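Undergrad: I'd like to ask you about the structure that follows.
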Amino acid sequence: MAYFPVLIFLSMVYLCQSDDRLTPAKPLLPGDVLISDGGVFAIGFFSLENSTSSSYVGIWYNNIPERTYVWIANRDNPITANMPGKLVFTNSSDLVLLDSTGRTIWTTTNNFTAGGGETAAVLLDSGNLVIQSPNGTDIWESFHYPTDTIVPNVRFSLSSVDVTKRLVAWKGPNDPSSSNFSMGGDTSSDLQIVIWNGTRPH
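All letters in the sequence shown, in the order written, are residues -18 to -1, 1 to 184 by mature numbering (1 follows the signal peptide of the UniProt record, and there is no 0).
Encoded structure:
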């Protein structure tokens, strides 16, 4: 009996451990949650309140009691509840979100062959999900494809040239799909931020 509390303690330590990366040998499945090394952000599958028939893969603040999403991979193409998905690596080092029928829901586009070593997707404490080559070079990052949120330390372009890169609002509290409202640069100036309603300034 003297050893029982020690065994319980060790079990709790083990259960509290988390991983911050995906590899070709370890896909992300429903119920899995990856947590950044410092515990700041998490990524996993989720459904929204009053919308449990749709499933998404997203990043959220790990230590805020009210779930706060900062990035969603498949915001405009949810997985239906009866076809659970998985996030896996391809041979070209792309992340692909598949439903249970094998249909592609969302994918990155790298066209990078790892060769020797193993490619990994790592969730950083900045909230950035990066795909790293075997030598540690970042070959894709979620910061380059924002949804509706900028987190600290993100460099967001307001160039009049790159006006297609915008933050796009959710359609509603339980619908993360892209609405008509967005924020981004102006076609006529690099010096101002514009809220857009479709193609018109709001």
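Virtual Cβ for every residue (Gly too), placed ideally from N, Cα, C.
All values reported here derive from a predicted model rather than from experimental measurement.
1. Identify every residue that forms a DSSP beta bridge with R182.
2. Starting from Y43, follow its DSSP beta bridges and name the residues at the other end.
3. Assuming V133 and G99 make a contact with CB atoms under 8 Å, what is their CB distance in whole Å?
4. Answer yes or no: do I87 and A103 have a C-beta to C-beta separation smaller than 7 Å?
5. Going by the CB atoms, is the gap between D76 and T62 shorter than 7 Å?
6. Going by DSSP in three states, F138 sits in which element: helix, strand or coil?
7. For T72, which residues of its own chain have a beta-carbon under 6 Å away from its beta-carbon, when the five flanking residues on both sides are left out?
8. So the beta strand (DSSP E) S164 belongs to, where does it begin and stop?
9. Within 10 angstroms of its Cβ, does A7 collect 16 or more other Cβ (buried), or is it exposed?
TA: Reading it off the structure:
1. R182 is bridged to N179.
2. Paired residues: F23.
3. Not a contact, Cβ separation roughly 30 Å.
4. For I87 and A103, no; Cβs fall outside 7 Å.
5. Going by C-beta atoms, T62 is not nearer than 7 Å to D76.
6. Taken through DSSP and simplified to helix, strand or coil, F138 comes out as coil.
7. Here the set comprises V78.
8. Per DSSP, S164 belongs to the beta strand (DSSP E) from D157 to D168.
9. Answer is exposed; the Cβ neighbour count stays below 16.
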